[in-house]
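K.L.:
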Amino acid sequence: MTPVHSKIAFTSNYLKGALAAALAAGALGIEARAQSADAIIDKLVEKGILTVDEANELKEETDKNFTTAYAVKTGMPDWVTALKINGDFRGRFEGFYADNPAFEDRARWRYRLRLGFTANLRDNLELGFRLASGDGDPISSNQTLQDDASKKPLGIDLAYLKWMALNSPHVAGVLSVGKIENPFVFSDLVFDADYTPEGAGEQLSLTLSDAQSLKLNAGQFVLDELGNSGRDPYLFGGQARLESIWSPKLNTSIGASILTITSPESLTSSAVPDINRGNLRKTTVSADGRTVSLGAPVHGYTTLVADAAVTYNLDHVPYHTGIFPVRLFGDYLHNFAADSANTGYQVGIQFGKAGKRKTWEVSYRWKVLEGDAWWEELTDSDFGSFYPGGLTPPPPPAGRSATSGYFAGTNSRGHVARVGYSPFDSLQFNVTWFRTELIEEQPPDSDSDMNRVQVDALVKF
Numbered sequence: 000m001t002p003v004h005s006k007i008a009f010t011s012n013y014l015k016g017a018l019a020a021a022l023a024a025g026a027l028g029i030e031a032r033a034q035s036a037d038a039i040i041d042k043l044v045e046k047g048i049l050t051v052d053e054a055n056e057l058k059e060e061t062d063k064n065f066t067t068a069y070a071v072k073t074g075m076p077d078w079v080t081a082l083k084i085n086g087d088f089r090g091r092f093e094g095f096y097a098d099n100p101a102f103e104d105r106a107r108w109r110y111r112l113r114l115g116f117t118a119n120l121r122d123n124l125e126l127g128f129r130l131a132s133g134d135g136d137p138i139s140s141n142q143t144l145q146d147d148a149s150k151k152p153l154g155i156d157l158a159y160l161k162w163m164a165l166n167s168p169h170v171a172g173v174l175s176v177g178k179i180e181n182p183f184v185f186s187d188l189v190f191d192a193d194y195t196p197e198g199a200g201e202q203l204s205l206t207l208s209d210a211q212s213l214k215l216n217a218g219q220f221v222l223d224e225l226g227n228s229g230r231d232p233y234l235f236g237g238q239a240r241l242e243s244i245w246s247p248k249l250n251t252s253i254g255a256s257i258l259t260i261t262s263p264e265s266l267t268s269s270a271v272p273d274i275n276r277g278n279l280r281k282t283t284v285s286a287d288g289r290t291v292s293l294g295a296p297v298h299g300y301t302t303l304v305a306d307a308a309v310t311y312n313l314d315h316v317p318y319h320t321g322i323f324p325v326r327l328f329g330d331y332l333h334n335f336a337a338d339s340a341n342t343g344y345q346v347g348i349q350f351g352k353a354g355k356r357k358t359w360e361v362s363y364r365w366k367v368l369e370g371d372a373w374w375e376e377l378t379d380s381d382f383g384s385f386y387p388g389g390l391t392p393p394p395p396p397a398g399r400s401a402t403s404g405y406f407a408g409t410n411s412r413g414h415v416a417r418v419g420y421s422p423f424d425s426l427q428f429n430v431t432w433f434r435t436e437l438i439e440e441q442p443p444d445s446d447s448d449m450n451r452v453q454v455d456a457l458v459k460f
């Protein structure tokens with residue numbers, strides 16, 4: 000055996016012994032193995048013990064040995080190359096306050112728990128699965144503390160297959176099917192951050208230059224399946240975004256999208272979850288003539304979405320670790336399928352970015368979302384207003400809420416201010432304040448002003 004191969008054999012045996020011990024302890028996943036073993040080899044190169052070619056040969060041999068050992072230890076087939084576990088827990092205090100004496104100020108305690116598993120497979124495939132707390136609300140995984148500590152449910156939040164069909168330095172393409180992560184890049188003016196659509200999504204990234212990339216996203220979502228009708232509602236959308244890095248300090252993004260919902264008349268309150276308010280819906284009266292309920296939306300949804308952002312990075316700001324971004328942003332919506340109450344927009348500014356150790360952020364947004372600019376059941380579940388009055392017989396042909404109360408959705412405008420701080424990489428605290436009112440008040444000229452306060456503690460792993 001040559002001195003070179005003797006040196007590689009010795010190092011390989013050392014690494015295999017260390018990896019085997021970690022496997023036996025059940026404490027080392029493939030990602031951790033890759034990081035620890037490769038780090039040791041890289042350090043040997045730095046010390047001059049191994050050359051680069053020797054290091055590459057050793058990494059290849061170590062990978063082969065580990066893959067075999069991992070498959071034996073876990074019982075996984077050899078085409079499973081990595082397993083990952085991730086999740087987060089968020090505790091929240093939330094208060095609702097209004098000047099209108101018809102509204103009773105109240106507070107509640109809530110949590111959100113998410114636990115996900117990801118399996119990376121050969122041939123650029125990925126399987127994903129995530130459980131989340133909540134009662135099945137499509138746009139919220141929050142669970143309220145109530146009912147004498149009753150057992151709380153978990154639901155399937157993600158269940159998908161992802162294929163990274165294109166993977167080159169200049170072109171990347173991904174296809175996802177199932178209950179998937181949202182393939183679009185939108186603010187909560189369009190989709191709540193908790194929304195995980197069901198259907199298919201496609202993402203294509205084209206590197207145009209060192210400074211610019213073009214992102215093309217598409218989605219085909221199933222909104223409902225009707226057992227007694229062939230007019231199932233679907234959502235189809237396409238999005239183009241240009242992201243540019245003009246200097247280490249300055250970057251921009253600009254996007255344009257079109258979203259359309261087919262068979263909107265099938266989105267009745269009895270067919271799909273009717274949690275939010277704001278869309279103009281047809282009214283019906285109960286058989287006894289005492290109560291009013293809302294049915295299908297009056298208008299359809301073919302909505303144009305435009306967004307833009309400019310970010311300037313400062314080198315240093317007190318009490319903030321690393322680069323300090325200052326971001327100006329805005330969004331605009333227009334629904335071509337409605338002849339009135341059909342626009343929405345928001346403008347805002349954010350200082351800093353919380354999420355890593357010793358970082359903080361402060362942001363402010365002004366949001367306006369008219370009643371029929373977009374489907375009420377997809378937008379931010381935290382942004383809403385107080386409806387002082389409901390509808391009584393005989394009702395008008397259409398209405399925006401059959402009952403009084405606070406509801407999120409469309410037909411609201413107002414301020415959103417937020418402060419966040421991360422003392423550690425895993426922990427973040429946030430305080431958010433919403434000051435809102437109805438755009439089209441019900442009844443007219445009523446007091447719909449609302450204050451909503453959220454205090455969050457988020458732990459992630």
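Numbering that gives the first Met the number 0 numbers the first residue of the sequence shown as 0 and each following residue consecutively.
The beta-carbon is built from N, C-alpha and C at its ideal position, and this holds for glycine as well.
Cβ of N275 within 7 Å of Cβ of G408?
P.N.:
yes
K.L.:
Can the beta-carbon of G236 be found less than 7 Å from the beta-carbon of D306?
P.N.:
In this structure, D306 does not lie closer than 7 Å to G236 by Cβ.
K.L.:
Within a Cβ cutoff of 8 Å, which residues of the same chain sit near G329, ignoring the five residues on either side of it in sequence?
P.N.:
D306, A307, A308, Y344, Q345, V346 and G347
K.L.:
Is P442 near G398, with beta carbons less than 7 Å apart?
P.N.:
Not closer than 7 Å, so no.
K.L.:
Is it the case that the region 237–244 contacts the region 210–220, given that we only count it when at least three CB pairs across the two stretches are under 8 Å?
P.N.:
Yes: at least three Cβ pairs fall under 8 Å.
K.L.:
Would you tell me roughly how many angstroms separate the C-alpha atoms of L114 and T259, rounded to the nearest one?
P.N.:
32 Å
K.L.:
Under the DSSP definition of a beta bridge, which residues are partnered with I155?
P.N.:
Looking at the DSSP assignment, I155 forms a beta bridge with L130.
K.L.:
Buried or exposed, going by whether 16 or more other CB atoms sit within 10 Å of the CB of E376?
P.N.:
In summary, E376 is buried, with 16 or more beta-carbon neighbours lying within 10 Å of its beta-carbon over all protein chains present.
K.L.:
With a 10 Å radius around its C-beta and 16 neighbouring C-beta atoms as the bar for buried, classify L313 as buried or exposed.
P.N.:
exposed
K.L.:
Tell me which residues share the same chain as H88 and place their Cβ nearer than 6 Å to its Cβ, disregarding the 5 neighbours each side in the sequence.
P.N.:
It is Phe, not His, that sits at residue 88 in the sequence shown. L112 and V458, listed in sequence order.
K.L.:
Considering only the alpha carbon of each residue, which of S445, P422, D455 and V367 lies closest to R434?
P.N.:
V367
K.L.:
The beta strand (DSSP E) spanning Q345 covers which residue range?
P.N.:
T342 to G351
K.L.:
To which residues of the same chain is F428 closer than 6 Å at the C-beta, ignoring the five residues directly before and after it?
P.N.:
Cβ neighbours of F428 beyond the five flanking positions: Y420 and A456.
K.L.:
Classify N99: buried if its beta carbon has 16 or more other beta carbons within 10 angstroms, exposed otherwise.
P.N.:
So N99 ends up on the exposed side.
K.L.:
Per DSSP, A239 forms a beta bridge with which residues?
P.N.:
L215 and A255
K.L.:
Closer than 7 Å by C-beta to R109: which residues in its own chain qualify, once you throw out the five before and the five after it? Chain order, please.
P.N.:
R91, E93, N141, Q142, T143 and L144
K.L.:
Specify, as a first and last residue, the run of the beta strand (DSSP E) that V458 falls within.
P.N.:
M449 to K459
K.L.:
Would DSSP call D87 helix, strand or coil?
P.N.:
Annotated three-state conformation of D87 is strand, per DSSP.
K.L.:
So what's D41 in DSSP terms, helix, strand or just coil?
P.N.:
helix
K.L.:
Which two residues bound the contiguous beta strand (DSSP E) that contains P422?
P.N.:
S411 to F423
K.L.:
For the 8 Å Cβ check, are there 3 or more pairs between the region 261–273 and the region 282–301?
P.N.:
yes
K.L.:
State the DSSP-derived secondary structure class of L120, mapped to helix, strand or coil.
P.N.:
strand
K.L.:
Following the continuous beta strand (DSSP E) through R434, name the residue where it begins and the one where it ends.
P.N.:
L426 to L437
K.L.:
Determine the contact status of Y311 and K248, defining contact as a CB-CB distance below 7 Å.
P.N.:
Yes.
K.L.:
Could you say which of L188, V189, D187 and T195 lies nearest to S175 if we only look at CA atoms?
P.N.:
Nearest C-alpha to S175 among L188, V189, D187 and T195: T195.
K.L.:
Whose C-alpha, out of A340, G404, F335 and K42, is nearest the C-alpha of N278?
P.N.:
A340
K.L.:
In the DSSP assignment, find the unbroken beta strand (DSSP E) run with A407 in it and report its ends.
P.N.:
G404 to A407
K.L.:
For the beta strand (DSSP E) holding G172, just list the boundary residues, first then last.
P.N.:
It spans V170 to K178 - the beta strand (DSSP E) in which G172 sits, taken as one unbroken run.
K.L.:
Rounded to whole angstroms, what is the Cα-Cα separation between N450 and Y386?
P.N.:
13 Å
K.L.:
Can you name the start and end residues of the beta strand (DSSP E) that E360 belongs to?
P.N.:
T358 to L368
K.L.:
Tell whether a beta-carbon distance below 7 Å holds between S139 and D193.
P.N.:
yes
K.L.:
In three-state DSSP terms, what is N99?
P.N.:
Residue state, collapsed to three classes: coil.
K.L.:
Of the residues D187, G200, P152 and N123, which one's Cα is nearest the Cα of G469?
P.N.:
The structure shown does not extend to residue 469, since the chain is modelled only from 0 to 460, so the question has no answer here.
K.L.:
If you check the beta carbons only, do T320 and H333 fall under 7 Å apart?
P.N.:
no
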